[in-house]
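**Q** Under this note's numbering, the first residue of the sequence shown is numbered 180, with each subsequent residue one higher.
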Amino acid sequence: MTHLPKFSAALLHPRYWLLWLGIGLLWLVVQLPYPLIYRLGTGLGRLAMRLMKRRAKIANRNLELCFPDKSEQERHRMV
Numbered sequence: 180m181t182h183l184p185k186f187s188a189a190l191l192h193p194r195y196w197l198l199w200l201g202i203g204l205l206w207l208v209v210q211l212p213y214p215l216i217y218r219l220g221t222g223l224g225r226l227a228m229r230l231m232k233r234r235a236k237i238a239n240r241n242l243e244l245c246f247p248d249k250s251e252q253e254r255h256r257m258v
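1. What are the boundary residues of the alpha helix (DSSP H) that includes M257?
2. Out of curiosity, what's the CA-to-CA distance linking I237 and G220?
3. Which stretch, first to last residue, makes up the alpha helix (DSSP H) that contains L207?
4. Quick one: give me the first and last residue of the alpha helix (DSSP H) that T221 is part of.
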């Protein structure tokens, strides 16, 4: 039988507050209905594509090399 670790009060130290905030936000997102999560993910993906242009170019180039038969529009949709 495995031994489960017990909760430690040390995890409530302020240096872990950001971690707890992240866990709380993830828990809230999981409670949302799936269509809303999907739209939220699409929006975050579009935002990331605008903010991380270099990464978007790399992804476009990789898809261009992997799928030369697909149109530019299809590859852009995949990114």
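Positions of the beta carbon are idealized from the N, C-alpha and C atoms, including for glycine.
Nothing here was measured: the structure is a model prediction, and the numbers come from that model.
**A** The short version:
1. Against the sequence shown, residue 257 aligns to sequence position 78. That run of the alpha helix (DSSP H) goes E251 to M257.
2. Within the sequence shown, the letter at position 58 stands for residue 237. Within the sequence shown, the letter at position 41 stands for residue 220. Between I237 and G220, the C-alpha separation is close to 21 Å.
3. On the sequence shown, residue 207 is found 28 positions in, with the first residue counted as 1. Looking at the DSSP string, the run of the alpha helix (DSSP H) that includes L207 is W196 to Q210.
4. Here residue 221 corresponds to residue number 42 of the sequence shown, with the count starting at 1. In this chain, the alpha helix (DSSP H) harbouring T221 covers Y213 to L230.
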